[in-house]
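Residue numbering for the sequence shown follows the numbering used here, beginning at 24 and increasing consecutively.
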Amino acid sequence: MSYTAKIADFGTSVYVPEDRDHLSTVVKGTFGYLDPEYYSRQEITEKSDVYSFGVVLVKLLTSQKAIDANRPRENINLASGLFVHLDQIVDGEIINEGNFETVQKVSNLAEICLRDHGDGRPLMKEVVMELEGVMSTIAKHPAGGEKVNFFRSPKATNYLPGLPSNAYVVDVGGDDASSSSIKPYDDRR
């Protein structure tokens, strides 16, 4: 049985050439993951994926949907107004695991990723560095559980052949027990 989670396409479908830092166009996106700056500027930037990834982090922490019409109107979007009460909505299973330091670090990272203005968000490479730090904390935790390895997936790019992808694979308890860091995919792994 393979316990490999694939994370790709954080809600927007647009290709931005490498020589540009933003693109003004109509974007096909998933409400709830889309950068709020897109609604005012109609621009997708490298920080837009950071926002969307922040939503993914919050979903992982809370086990809730990004959009839920059953929540109060002001909280239909999981990311809106979230950090006033994040401690109240973290999934009980995560709290029961007892690694509050890790939960706090990930929720702090999510909060920074979800800032309204892209200028206040980190670069994705900074997010990766922070997650590497969290991963090292998990590896040292007495209840460490299975080893978790992140690597870029060659299969994840098949849906857009020829285009670069920021997709990563999370291999939980995989064969490669030599590393627990986030690293770019390498054919020689």
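Built from N, CA and C at the ideal position, the CB exists for glycine as well.
In this structure, L101 places its C-beta atom within 7 Å of the C-beta atom of V81. Bounds of any beta strand (DSSP E) do not take in E41, whose DSSP letter is neither H nor E. Counting only runs of 4+ residues, the alpha helix (DSSP H) found wholly inside the segment 84-162 occupies 109-112, 115-120, 123-136, in chain order. Judged by beta-carbon spacing, G77 lies within the 7 Å limit of A133, meaning their Cβ atoms are closer than that value.
With fewer than three CB-CB distances shorter than 8 Å, the segment 84-93 does not count as touching the segment 138-145. Each of V150, T68, M158 was checked against the Cα of V79, and the nearest Cα belongs to V150. Contact between Y61 and I67 holds: their C-beta atoms lie close to 6 Å from each other, under 8 Å.
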